[in-house]
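Colleague: Below is the structure I would like to discuss, written out as structure tokens.
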Amino acid sequence: MHFQYIPYIWLLLVSAAVTAVLGVYAWRHRTVPGAAPFSVLMLAVVAWTLANALEMAGTDLSTKLFWANVQYLSYVPVSTAWLALALQYTGRDEWLTRRNLALLLIVPILIAVLAWTNDLHGWLRRNVHLDSAGSFPVVGKTYGPFFWIHVAYNYGLLLVTAFLFVKALRHAPSLYRKQTLVLLIGLLMPLPWSVLYGLSLSPVPRHDLSPAVFGLSGVVVAWGLFRYRLFDLMPVARATVVEGMGDSVIVLDAQNRIVDLNPAAQEVLGWTASRAIGQPATEVFNDWPELVALCRDPTATQTELVRRQGEAEQHYDSRRSSLTDRRGRSIGQVILLHDITDRKRAEVQLLQQQRALAVLQERERLARELHDGLSQVLGYVKMQAQAARELLSRDQTATADAHLARLAAVAQDAHTDVRESILNLGVATLPERGFLPALEESLQRFEQNSGIRTELAVPAELVDQPFEPIVEVQLLRIIQEALTNVRKHAGARSVRVAFTIHAGHAQVVVEDDGRGLDPGRLPAGGEQKFGLRFMRERAEEVGGNVQMHSASGEGTKVTVRVPRGG
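Be aware that the sequence shown starts at 7, since it is given in my numbering, and climbs by one per residue.
Listed below in structure tokens is the structure:
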């Protein structure tokens, strides 16, 4: 092979370098729809351009024909790769089966074979000779029938490709319209030069300039790569986004970059579409850590968000759905934000109403219990007072004094019970504060009034999701009754209230370090004396139960199990 230096070669080498860079870049992003066929296209153009440069530099006919035949090999994937890119870019990659690709490559492969065997049949080119009339020698020839089949086939595929891009251009949103326009320009730029060559009207006689123009075409596409982030942004999920939706819709690609967001999402996030699209989700969701966590956790599908602006709160139900192509490959995800502020407000109002109703019922019950308890105490006081009077009338002062001492003790106990009941009633009638704050206040008052140290253990899960209002009221009163028993009967120095969460229910243990007792030896009416009957009745009303365990010298443990809703 013999070659000569021709300055025009530098244009071809620059074109080859640009397309090589584009091909490598696209290959590194080949998981993104459209990137793999674009990479194949660019690398094929590299081979085409280099072979074209070597054909131009060749000085003898055999050298020029060899590199001309190499160019036919590089033609094989070009038109098919353009079509594959358009199909993937416009979401029609169900057509890209192995069978269809093989069928599309039959004609280009056949033409390449005919090029290398042309000396045997002349079906591709005829009257081949070396024409040295110009500034550098070129291959002179006339075209055979299969050359025109080759031209018609390739131009047909390119026209289909252009049609797909034009159709996408008409229906795409503004940002994607610019993307599509860049690809369409990149496709069309080399075509006029190829047509001029086929019609023997090339500015460089008998030489195809389209490989050199591919370099300029590559520059246009490269500009699109960095300006509009081609192969990072693909309008695959656009059909799932409805511009007029009241809900916020955010589409991410496989690399968790923002692909699209509707006007509602732009308003909620405070980002315009042109500013947000192409940015990492972590940056756009910087003020929404729950959304960042939702995007990163492939197992998470739903979370609730709260947006605070001053005193106002907006609540959103966030749901994530994965996006896959027709082959089941993950191509991104869609996040839907539904404003549930009104629902949350209604839930709060309903909860307050339920608590208010439960408190009202509890006040009525406490009034009955207080009335019944005071009636018993006053009856006892009356009997003791009458007995003391009779003893005094008989001048039995010592015995009368004992009766009066018991009377004073009973009156003191009654005073303490009434005072404690009033305090507990005040705690139980604060529905807006919630269960745990009311319980904490009740324990603080108990510790101040009794001198018995208290400890409260509550799991975080219970803080986030407490009980239903009726359960809250009954459970609070059961704990208060258990504490009253500790004060009256245990002789304890400390008491611990501990919650544990189980499937469908919660367990509360009120345990003291007092002297304990044997519940099996309770005297008649002992359950009422120790408030066990009232505690069990309250627990049973909400579907729960109460158990007591006690032993002499080991303290007393009251275990309450109640259903857990809320």
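Using N, Cα and C, we set each Cβ at its ideal position, and we do this for glycine too.
Keep in mind the model is a prediction, meaning the values are calculated, not measured.
Please tell me whether Ile484 and Met554 are closer than 8 Å, where the distance is taken between their beta carbons.
Modeller: As a first step, residue 484 must be located in the sequence shown, where it is residue number 478. As a first step, residue 554 must be located in the sequence shown, where it is residue number 548. No.
Colleague: Check whether the Cβ atoms of Val172 and Leu190 lie closer than 8 Å to each other.
Modeller: One-based indexing of the sequence shown puts residue 172 at position 166. One-based indexing of the sequence shown puts residue 190 at position 184. Yes, they are a contact pair.
Colleague: Using DSSP's beta-bridge definition, name the partner residues of Met554.
Modeller: Indexing the sequence shown from 1 puts residue 554 at position 548. Paired residues: Val564.
Colleague: Exposed or buried, what is Met7 when buried is set at 16 or more other beta-carbons lying within 10 Å of its beta-carbon?
Modeller: Counting from one through the sequence shown, the residue named residue 7 turns up at place 1. Exposed is the call here.
Colleague: Helix, strand or coil for Asn133, going by three-state DSSP, please let me know.
Modeller: Indexing the sequence shown from 1 puts residue 133 at position 127. If DSSP states are grouped into helix, strand and coil, Asn133 belongs with the strands.
Colleague: In whole angstroms, what is the alpha-carbon distance linking Val119 and Ser21?
Modeller: The count along the sequence shown starts at 1 and reaches residue 119 at position 113. The count along the sequence shown starts at 1 and reaches residue 21 at position 15. If I take the Cα positions, the gap works out to 27 Å.
Colleague: Any idea if Ser327 is buried or exposed, counting beta-carbon neighbours within 10 angstroms, 16 or more meaning buried?
Modeller: Mapped onto the sequence shown, residue 327 falls at position 321. It is exposed - the Cβ of Ser327 has fewer than 16 other Cβ atoms within 10 Å.
Colleague: Excluding sequence positions up to five away, which residues of its chain have a Cβ less than 8 Å from the Cβ of Asp401?
Modeller: The residue labelled residue 401 in the question sits at position 395 within the sequence shown. Taken in chain order, the list of residues that qualify is empty.
Colleague: Give every residue of the same chain whose Cβ lies closer than 7 Å to the Cβ of Val464, excluding the five residues on either side of it in the sequence, and list them in chain order.
Modeller: Here residue 464 corresponds to residue number 458 of the sequence shown, with the count starting at 1. Correct list, in chain order: Leu442, Phe505.
Colleague: So His35 and Ala41 are in contact, right, with Cβ under 8 Å, and what is the actual spacing, rounded?
Modeller: Mapped onto the sequence shown, residue 35 falls at position 29. Mapped onto the sequence shown, residue 41 falls at position 35. With a Cβ gap of about 4 Å, His35 and Ala41 count as contacting.
Colleague: Short of 8 Å in beta carbon distance, which residues of its chain neighbour Ile115, apart from the five on each side in sequence? Order them along the chain.
Modeller: Position 109 of the sequence shown, counting from 1, holds the residue named residue 115. Within the same chain, Ile115 has close Cβ partners Val82.
Colleague: State buried or exposed for Gly338, treating a residue as buried only when at least 16 other CB atoms are found within 10 Å of its CB.
Modeller: Numbered from its first residue, the sequence shown carries residue 338 at position 332. Its Cβ being crowded by 16 or more others within 10 Å, Gly338 is buried.
Colleague: Suppose contacts are defined by Cβ-Cβ distances below 8 Å. Is Leu136 in contact with Gly128 by that definition?
Modeller: Here residue 136 refers to the residue found at position 130 of the sequence shown. Here residue 128 refers to the residue found at position 122 of the sequence shown. No.
Colleague: According to DSSP, which residues form a beta bridge with Arg326?
Modeller: In the sequence shown, the residue the question calls residue 326 occupies position 320. In DSSP, Arg326 forms a bridge with Ile341.
Colleague: On a CA-only basis, which of Phe153, Ala108, Val387 is nearest Ala121? Give me that one, please.
Modeller: Your numbering for residue 121 matches position 115 in the sequence shown. The shortest Cα separation from Ala121 among Phe153, Ala108, Val387 belongs to Phe153.
Colleague: Helix, strand or coil for Pro217 per DSSP?
Modeller: Along the sequence shown, one-based indexing puts residue 217 at 211. Pro217 falls in the helix class under three-state DSSP.
Colleague: Just verifying my parser: in three-state terms, what is the DSSP assignment at Glu353?
Modeller: Residue 353 sits at position 347 when you count from the first residue of the sequence shown. Looking at Glu353 - three-state DSSP - the assignment turns out to be helix.
Colleague: Starting from Lys494, trace the beta strand (DSSP E) in both directions and tell me its first and last residue.
Modeller: Translated into positions along the sequence shown, residue 494 becomes position 488. Taken as a continuous stretch (DSSP letters only), Lys494 belongs to no beta strand (DSSP E), as it is neither H nor E.
Colleague: In its own chain, which residues sit with a C-beta less than 8 Å from the C-beta of Phe9, not counting the 5 before and 5 after it?
Modeller: As a working note, residue 9 is residue 3 in the sequence shown. Closer than 8 Å at the Cβ level, and outside the excluded window around Phe9, lie Leu60, Ala63, Gly64, Thr65, Thr69.
Colleague: In angstroms, rounded to a whole number, what distance separates the CA positions of Thr403 and Asn551?
Modeller: Here the question's residue 403 lines up with position 397 in the sequence shown. Here the question's residue 551 lines up with position 545 in the sequence shown. About 49 Å.
Colleague: Around the Cβ of Ala557, are there at least 16 other Cβ atoms within 10 angstroms (buried) or fewer (exposed)?
Modeller: Working through the sequence shown from its first residue, we reach residue 557 at position 551. When all chains shown are included, Ala557 counts as exposed.
Colleague: The beta strand (DSSP E) spanning Tyr149 covers which residue range?
Modeller: To locate residue 149, count along the sequence shown from 1; it is residue 143. Taken as a continuous stretch (DSSP letters only), the beta strand (DSSP E) holding Tyr149 covers 144 to 149.
Colleague: Using a Cβ-Cβ cutoff of less than 6 Å, which residues in the same chain neighbour Leu297 once the five nearest sequence positions on both sides are dropped?
Modeller: Position 291 of the sequence shown holds residue 297. Closer than 6 Å at Cβ, skipping near neighbours: Phe291.
Colleague: Give the C-beta separation of Ala444 and Leu343 to the nearest angstrom, bearing in mind that I take them to be a contact with Cβ-Cβ under 8 Å.
Modeller: Here the question's residue 444 lines up with position 438 in the sequence shown. Here the question's residue 343 lines up with position 337 in the sequence shown. Incorrect: roughly 35 Å between the Cβ atoms, too far for contact.
Colleague: Taking the alpha-carbon positions, what's the Thr562 to Gly385 distance?
Modeller: In the sequence shown, counting from the first residue as 1, residue 562 sits at position 556. In the sequence shown, counting from the first residue as 1, residue 385 sits at position 379. Between Thr562 and Gly385, the C-alpha separation is close to 31 Å.
Colleague: Excluding the 5 residues preceding and the 5 following Phe142 in the sequence, name in chain order all residues of the same chain whose CB lies nearer than 6 Å to its CB.
Modeller: As a first step, residue 142 must be located in the sequence shown, where it is residue number 136. Ile12.
Colleague: For Ala512, which option in Val501, Ala545, Gly537 has the closest C-alpha, if you only look at C-alpha atoms?
Modeller: Position 506 of the sequence shown, counted from the start, is the residue given in the question as residue 512. Out of Val501, Ala545, Gly537, Ala545 has the C-alpha closest to the C-alpha of Ala512.
Colleague: In whole angstroms, what is the alpha-carbon distance linking Ser500 and Arg459?
Modeller: What you label residue 500 is simply residue 494 of the sequence shown in a count that begins at 1. What you label residue 459 is simply residue 453 of the sequence shown in a count that begins at 1. Answer to the nearest angstrom: the Cα atoms are 4 Å apart.
Colleague: Quick check on the burial criterion: 16 or more other C-beta atoms within 10 angstroms. Buried or exposed for Ala414?
Modeller: As a working mapping, residue 414 is identified with position 408 in the sequence shown. Label assigned to Ala414: exposed.
Colleague: Please name the residue in Ile117, Arg131, Val188, Lys184 whose C-alpha comes closest to that of Asn160.
Modeller: Stepping through the sequence shown from its first residue, residue 160 is reached at position 154. Measuring from the Cα of Asn160, the nearest candidate turns out to be Ile117.
Colleague: Do you know whose CA, among Ala74, Val340, Leu47, lies nearest Leu91's CA?
Modeller: Counting from one through the sequence shown, the residue named residue 91 turns up at place 85. Considering only alpha carbons, the answer is Leu47.
Colleague: Excluding the 5 residues flanking Thr347 on each side, which residues of the same chain have their C-beta closer than 6 Å to its C-beta?
Modeller: Taking the first residue of the sequence shown as position 1, residue 347 is located at position 341. Same-chain partners within the cutoff: Gln320, His321.
Colleague: Skipping 5 residues on each side, what residues in its chain have a beta carbon closer than 6 Å to that of Ala393?
Modeller: Within the sequence shown, the letter at position 387 stands for residue 393. His409.
Colleague: Who are the near neighbours of Tyr203 in its chain, counting only those whose CB is closer than 6 Å to its CB and skipping five residues on each side?
Modeller: If you number the sequence shown from 1, residue 203 lands on position 197. Once the five neighbours on either side are set aside, the close Cβ partners of Tyr203 are Asp214.
Colleague: For a test of the three-state rule: what should DSSP assign to Gly128, helix, strand or coil?
Modeller: Stepping through the sequence shown from its first residue, residue 128 is reached at position 122. Coil.
Colleague: At least one CB of chain B closer than 8 Å to the CB of Leu468: is that the case?
Modeller: Among the chains in the structure shown there is no chain B, since it carries only a single protein chain.
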